[in-house]
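*Asks:* Residue numbers (this note's numbering): 1473 to 1660.
By construction, the Cβ of each residue, glycine as well, lies at the ideal position given by its N, Cα and C atoms.
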Amino acid sequence: MRVDVLTLFPSMFAPMHESMMWKAQDRGFLEFATHDIRDWTTDRHRTVDDTPYGGGGGMVLKVDILVPAIEAVRGDSEAPVILMSPQGRVLTHSIAQELAQHERMILVCGHYEGFDERIRELIVTDEISIGDYVLTSGELAAMVVIDSVVRLLPGVLGAEGGADRDSHADGLLEYPHYTRPAAYRGLG
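1) List in chain order: all unbroken alpha helix (DSSP H) runs of 4+ residues lying wholly within the segment 1523 to 1573.
2) When you compare only the Cα positions, how much space is there between F1504 and D1476?
3) Can you tell me the Cα-Cα spacing of M1473 and H1574, whole angstroms?
4) Any idea which residues DSSP pairs E1459 with across the strands?
5) So, under 8 Å CB-CB, L1555 and R1592 are touching, yes? Tell me the CB distance rounded to an integer number of Å.
6) Quick check: V1520 and I1542, are their CB atoms within less than 8 Å of each other?
7) Could you round the C-beta distance between S1609 and F1485 to whole angstroms and report it? I think they count as a contact, below 8 Å.
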């Protein structure tokens, strides 16, 4: 699977080069790339946001920057363009399974007050939320989505069917697990 992330903060994705995500990349199950949205700006200040028409607080990510950025990253592919958004579908195991069926996905991380609505109308195919709370930006949410999807790819967890035995795979939580020693501080 190929995962492209459009972000204002590419360095926030350093954890994608650790643990299972690194192993997935090393073994060829995951191709991962970040794209700095500011690379598509045209002014010397690298401006990506503006005040909203009609007033209101905060700054809004600009349509004339983000749409060309997404189009350039997407190219001719039919990859879904997924906005990290508190208004999106709340991520569940079944949504992760659905996303794992794609060969590629493009995640777009928001910041500031949100996105110009025309971005949704022109190019976004889905919106995902990781819960009913607000984060400073979409980068953490994107990493949660990537981790929950990539671990479902065959071979990523090593043991065939490993993800099939996880909590929530069958709608139930797993039983408690223990290691050695058999007894510890009177428990066991």
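*Replies:* Reading from the atomic positions:
1) Unbroken alpha helix (DSSP H) stretches of 4 residues or longer found wholly inside the segment 1523 to 1573: 1535 to 1546, 1565 to 1571, given in chain order.
2) Translated into the one-based positions of the sequence shown, residue 1504 becomes position 32. Translated into the one-based positions of the sequence shown, residue 1476 becomes position 4. Between F1504 and D1476, the C-alpha separation is close to 6 Å.
3) Here the question's residue 1473 lines up with position 1 in the sequence shown. Here the question's residue 1574 lines up with position 102 in the sequence shown. For M1473 and H1574, the distance between alpha carbons rounds to 7 Å.
4) Any answer about residue 1459 is impossible in this case: the structure gives the chain only from 1473 up to 1660.
5) Position 83 of the sequence shown holds residue 1555. Position 120 of the sequence shown holds residue 1592. Taking the Cβ atoms as the reference, L1555 lies roughly 7 Å from R1592, within the contact range of under 8 Å.
6) Here the question's residue 1520 lines up with position 48 in the sequence shown. Here the question's residue 1542 lines up with position 70 in the sequence shown. The answer is no: Cβ separation not under 8 Å.
7) On the sequence shown, residue 1609 is found 137 positions in, with the first residue counted as 1. On the sequence shown, residue 1485 is found 13 positions in, with the first residue counted as 1. Incorrect: roughly 12 Å between the Cβ atoms, too far for contact.
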